[in-house]
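Trainee:
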Amino acid sequence: MHHPLLNTYQHQRSPIHRLPAAVKLVGATVFVFACLLLPRHGWTAFAVAGVALLLTAALSRIPALQLTRKLLWVEPFALGVALLSLLQTNGFQVFVFTLVKSTLCLFSMVLLSSTTRFSDILHVLWRARAPSLLVTTLALMHRYLFLLTDEIGRMLRARKSRTFSRGRLNVWRSSATVIAHLFVRTSERAERVYAAMCARGWKT
Amino acid sequence: MHIPDGFIDVKTAVATGAIAAVGLGFALSSVRRTLPPRRVPLLGLSAAFVFAAQMLNFPVAGGTSGHLIGAVLTAVLLGPSAAILVMSAVLILQCFMFADGGVTALGANMFNMALVAPVVGYGVYRLVDRIGGAGLRSRLCATAFASWCSTVAASIACAGQLAWSGTVAWGVAFPAMAGTHMLIAVGEALITTLVVAAVTRMRPELLLERSQSSLQARYRELIAYGLLVSLGLVVFVAPFASHWPDGLRKVAANLGFEQRAARASGLSSLLSDYTVPGIRSAELSIVIAGCLGTVMAFVLAYVLARLLTPQRDPGANTKPGGSSPLASSSS
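Here's what the structure looks like:
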């Protein structure tokens, strides 16, 4: 499925891509927490952080257009919450401040996700002794995510080609049936996955 | 409802992170104890399923569209502990892979959508289902009402965290979040109920409770999660709600939150400068609106359940699974 959010990782040869995933993960987290601690009038600090992010982006050799597109894709969520703060006294100051801060954080997370594979992040979690059940769940989720989104796309296409949609309520009903079908198929697939895992020597 | 980075301050991030970590740890240990190894892959695949289902858009009036959140759906289909784990996995992946929901707000998002939503939802579901007599109609009614309650509860927790961080004042955040989510929750309830009804029609055995003992264990789990959720709500919401004419102030005083409430009331007196004069009546109207909304949601849930349940007519048993002759013979 071609979704702007689904192909996040961009393969390039760059110093940022070669860095160990743990360094990038810790670096991004520290950066985001540091942004939180910045005072409300620390505009120079914001400028320094922004320049550092732009340098990292330039080093990673990811096309600027793609980074901008991803940033614009996630920005509306931040904008929606920030608009709420406009409704209070001296709201405009708070609005600008939170928007700048959250844009910096979003930029750093977009950089992280486009230079680091999710499987590498999972590996870091595994070595940091995160609970194995959680890591297994995340790994299986990541592996079957693309398959299931493709499957739901196929089911929707099949439904569209067979039915005339009459009215909004019918669309809701048939979409809900598609979700229910997907759940039934998912639980059947989980049984097969378990059999395959056992056949390959998996132990709890 | 995904809070981005920059909207949550450090104290809220740490507090929510701690509560979410405790809840997730408890869910992990409970799942490890009770879930047979055969069903471990189902957790990961269910998380992928929730993610895929969230991408399916439902048309709402005026060209806008909504989508499923899925907390109550997973709680009804898999149980509360598994739902906490599945929803946490979804949020963690959305945060690190898609930058949807911030890293510092991960604890807050997990508290709202992976702890409050499934726990409140499953609690209401069990309660209504038990009162209703555990038939298909009562299950659907319980599902609808539970999804409505869980979405609204999660949005109130979200408003509390935003207010506690000092980003958006409680007087603005609470009506805005709770008001819009009372409407969004109607959509969530409708989708969840339709999906549960369809799963019951296709594979009723996926919904059956395993045994009485597992149900007992679930009640115990539910009490533990309920305590955790109310601890969080007391910390995030009670300081702001404590000047309301209800019992929350008493709870706060009993639990030793009075000093915190006093500090917070200094803040809220600052806020009251711009709120409407005659704050009492405004609060009272919010309370009345909330009660009316809840009653209306329950009535809607009941009507929906009546519409979706086939009439108990001995001559018409081919109607529900009507498309295939095998469906009626196997049931």
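Top to bottom, those sequences are chains A and B.
For the record, in the first sequence the residue sitting at position 79 is 79 according to my numbering, with numbers rising by one throughout.
Residues are numbered in my numbering as their position in the second sequence, beginning at 1, plus a constant of 204.
Built from N, CA and C at the ideal position, the CB exists for glycine as well.
From a predicted model like this one, the values you see are computed outputs, not experimental measurements.
#1: CB LEU289 of chain B to CB LEU387 of chain B, shorter than 9 Å?
#2: With distances taken Cα to Cα, identify the nearest neighbour of ALA57 of chain A among A:THR149, A:VAL124, A:ALA28 and A:THR137.
#3: So, under 8 Å CB-CB, CYS353 of chain B and VAL328 of chain B are touching, yes? Tell me the CB distance rounded to an integer number of Å.
#4: Compare the C-alpha of VAL235 of chain B against each of B:LEU247, B:VAL226, B:ALA225 and B:ALA224 and name the closest.
#5: At what residue ranges does the segment 334 to 382 of chain B contain a whole run of the alpha helix (DSSP H), taking only runs of 4 or more?
#6: Pick out whichever of B:ALA363, B:VAL280, B:GLY383 and B:ALA257 has its Cα sitting closest to the Cα of ALA377 of chain B.
#7: May I have the straight-line CA-CA distance separating ARG127 of chain A from ARG18 of chain A, to the nearest angstrom?
#8: For a quick check, are the C-beta atoms of ALA309 of chain B and HIS385 of chain B less than 9 Å apart?
#9: Who does GLY270 of chain B pair with in a DSSP beta bridge?
#10: Are the CB atoms of ALA251 of chain B and VAL307 of chain B within a distance shorter than 9 Å?
#11: How many Å lie between VAL276 of chain B and PRO15 of chain A at the Cα?
#12: Quick test of the definition: if touching needs 3 or more C-beta pairs under 8 Å, does the segment 98 to 118 of chain A touch the segment 210 to 221 of chain B?
#13: Would you call the CB atoms of LEU138 of chain A and LEU125 of chain A closer than 9 Å?
#14: Rounded to whole angstroms, what's the CA-CA distance from GLY221 of chain B to SER108 of chain A? Just pull it up for me.
#15: Using the beta-carbon count (16 or more within 10 Å), is PHE92 of chain A buried or exposed?
#16: Residues in its own chain within less than 6 Å of ALA357 of chain B by CB, not counting five upstream and five downstream?
#17: Restricting to runs no shorter than 4 residues, where is the alpha helix (DSSP H) found entirely within the segment 214 to 249 of chain B?
#18: Mind pulling the chain B residues with CB within less than 8 Å of LYS101 of chain A?
#19: Taking the straight line between their C-alpha atoms, what separation do you get for TYR144 of chain A and ALA256 of chain B?
#20: So what does DSSP say about ILE16 of chain A, is it helix, strand or coil?
#21: Under a Cβ-count criterion, where at least 16 other Cβ atoms within 10 Å of its own Cβ denotes burial, should VAL438 of chain B be classed as buried or exposed?
#22: Please list the residues of the segment 297 to 312 of chain B that have a C-beta atom closer than 7 Å to any C-beta atom in chain A, keeping them in chain order.
#23: Sorted by chain position, which residues of the same chain lie with C-beta nearer than 7 Å to SER285 of chain B's C-beta, five sequence neighbours on each side aside?
#24: Give a yes or no on whether the C-beta atoms belonging to THR397 of chain B and ALA348 of chain B are separated by under 9 Å.
#25: When Cβ atoms are compared, which residues of the segment 181 to 192 of chain A fall closer than 8 Å to chain B?
#26: Given a threshold of 16 other Cβ atoms within 10 Å of its Cβ, counted over all protein chains shown, does GLU151 of chain A qualify as buried or as exposed?
#27: Please go through the same chain and pick out, in chain order, the residues whose beta-carbon is closer than 7 Å to the beta-carbon of ALA49 of chain A, but skip the five residues on each side of it.
#28: Are the C-beta of LYS160 of chain A and some C-beta of chain B separated by less than 9 Å?
#29: Closer than 8 Å, Cβ to Cβ, to anything on chain B: give me those residues from the segment 45 to 67 of chain A, in chain order.
#30: From the DSSP output, in three-state form, read off TYR9 of chain A for me.
#31: If we define contact as Cβ-Cβ less than 9 Å, is ILE219 of chain A a contact residue for chain B?
#32: ARG61 of chain A and ARG13 of chain A - do their beta-carbons sit closer together than 9 Å?
#33: Measure how close the beta-carbons of VAL26 of chain A and ASP304 of chain B come, nearest whole angstrom, since I'm counting them as under 8 Å.
#34: Using a Cβ-Cβ distance cut-off of 9 Å, determine whether TRP172 of chain A contacts chain C.
#35: When you compare only the Cα positions, how much space is there between LEU431 of chain B and GLY167 of chain A?
#36: Using 9 Å as the limit for Cβ to Cβ distance, is VAL244 of chain B near chain A?
Mentor: If we stick to the structure as given:
#1: no
#2: Comparing alpha carbon positions, the residue from A:THR149, A:VAL124, A:ALA28 and A:THR137 closest to ALA57 of chain A is A:ALA28.
#3: Contact holds; Cβ gap of about 5 Å.
#4: B:LEU247
#5: 340 to 368
#6: Out of B:ALA363, B:VAL280, B:GLY383 and B:ALA257, B:ALA363 has the C-alpha closest to the C-alpha of ALA377 of chain B.
#7: Using only the alpha carbons, I get a separation of about 19 Å.
#8: no
#9: B:PHE262
#10: Against a cut-off of 9 Å, the Cβ pair of ALA251 of chain B and VAL307 of chain B comes out as no contact.
#11: If I take the Cα positions, the gap works out to 44 Å.
#12: yes
#13: yes
#14: 20 Å
#15: Its Cβ having fewer than 16 others within 10 Å, PHE92 of chain A is exposed.
#16: VAL320 and VAL324
#17: 214 to 238
#18: Against chain B, a Cβ distance below 8 Å from LYS101 of chain A picks out ASP209 and GLY210.
#19: Approximately 10 Å between the Cα atoms of the pair.
#20: helix
#21: buried
#22: LEU297, PHE300, MET301, PHE302, ALA303, ASP304, GLY306, VAL307 and THR308
#23: ALA231, SER234, VAL235 and GLU425
#24: yes
#25: HIS181, LEU182, PHE183, VAL184, THR186, SER187, ARG189, ALA190 and GLU191
#26: buried
#27: Same-chain partners within the cutoff: CYS35 and LEU104.
#28: no
#29: none
#30: Reduced to three states, the DSSP call for TYR9 of chain A is coil.
#31: Chain A is shown only over 1 to 204; residue 219 of chain A falls outside these bounds and no answer can be derived.
#32: yes
#33: With 8 Å as the limit, VAL26 of chain A and ASP304 of chain B do not qualify as a contact, their Cβ atoms being about 21 Å apart.
#34: No chain C appears in this structure, whose protein chains are A and B.
#35: Cα-Cα distance, rounded: 44 Å.
#36: yes
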